Amino acid sequence: MTPPLLLQCPANAPDPAALCAALSAALEIVLQDAKSARHIRQSQISPTDSSQTAGADTLRLVLSDIRRDRISGHLTWQSGDGSLRTGPEVALDVMDTALSAKMYPRFARGLLQASPEIIKDLSD
1382 MTPPLLLQCP ANAPDPAALC AALSAALEIV LQDAKSARHI RQSQISPTDS
1432 SQTAGADTLR LVLSDIRRDR ISGHLTWQSG DGSLRTGPEV ALDVMDTALS
1482 AKMYPRFARG LLQASPEIIK DLSD
């Protein structure tokens, strides 16, 4: 049986459960497209928790900026050779409104699209 993929999301985002759910949903779609049978388990972590619990089966969202009209961050994960990898910084800016949980799916898709090598590294 394939071990679950642990998705770690920061607890300091506005509506952190919605952010983690959006990233999990986007990741499931990408894994299905890659014909992967990985199960995703979500976990919230403190933004000050910098311990590298990232293993071959861990994907972590690290937020670098959270404002009323902006959220930005990157993904970290461990590749098959054991090295810790970091995806590029991705930002979602909104105008004329406040950032809300309904915008998280677009941010999540952007994070995964910016790091296509994640799927190769994390697929079964």
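The sequence shown begins at 1382 in the working numbering and counts up one residue at a time. Ideal Cβ positions, reconstructed from N, Cα and C, are used throughout, including at glycine. Here the structure is a predicted model, which means the values were calculated and not measured.
Whose CA, out of the options, lies closest to the CA of residue i?
i	options	result
Asp1502	Pro1486, Phe1488, Arg1466	Arg1466
Leu1492	Lys1416, Ser1424, Ile1452	Ile1452
Gly1463	Ile1426, Ala1495, Asp1438	Asp1438
Ile1426	Gln1494, Asn1393, Ala1489	Asn1393
Phe1488	Ile1499, Leu1444, Ser1424, Gln1459	Leu1444
Leu1424	Ala1495, Gln1459, Ala1402	Strictly speaking, residue 1424 in this sequence is Ser, with Leu absent from that position. When only C-alpha atoms are compared, the closest one is Ala1402.
Gln1459	Ile1499, Arg1490, Arg1448	Ile1499
Pro1391	Asp1477, Lys1416, Ile1447, Val1471	Ile1447
Val1471	Ala1495, Ala1415, Ser1405, Ser1417	Ala1495
CB-CB under 8 Å to residue i, same chain, minus the five flanking residues each way: which ones, in chain order?
i	result
Arg1419	Thr1383, Pro1385, Leu1386, Leu1412, Leu1503, Ser1504, Asp1505
Could you check whether residue j and residue i sit closer than 9 Å to each other, using their CB atoms as the reference points?
i	j	result
Ala1482	Leu1400	yes
Leu1456	Ile1421	no
Ala1407	Pro1497	no
Take the Cβ of residue i as the centre, count every other Cβ of all protein chains shown within 10 Å, and call the residue buried at 16 or more, exposed below.
i	result
Pro1397	buried
Ile1410	exposed
Pro1469	exposed
Note down, in chain order, each residue of its chain lying with its Cβ closer than 7 Å to the Cβ of residue i, except the 5 sequence neighbours on either side.
i	result
Met1484	Leu1473, Val1475
Arg1490	Ala1407
Given residue i, which residues of its chain have a CB within under 6 Å of its CB, disregarding the five upstream and five downstream residues?
i	result
Ala1415	Ile1500, Ser1504
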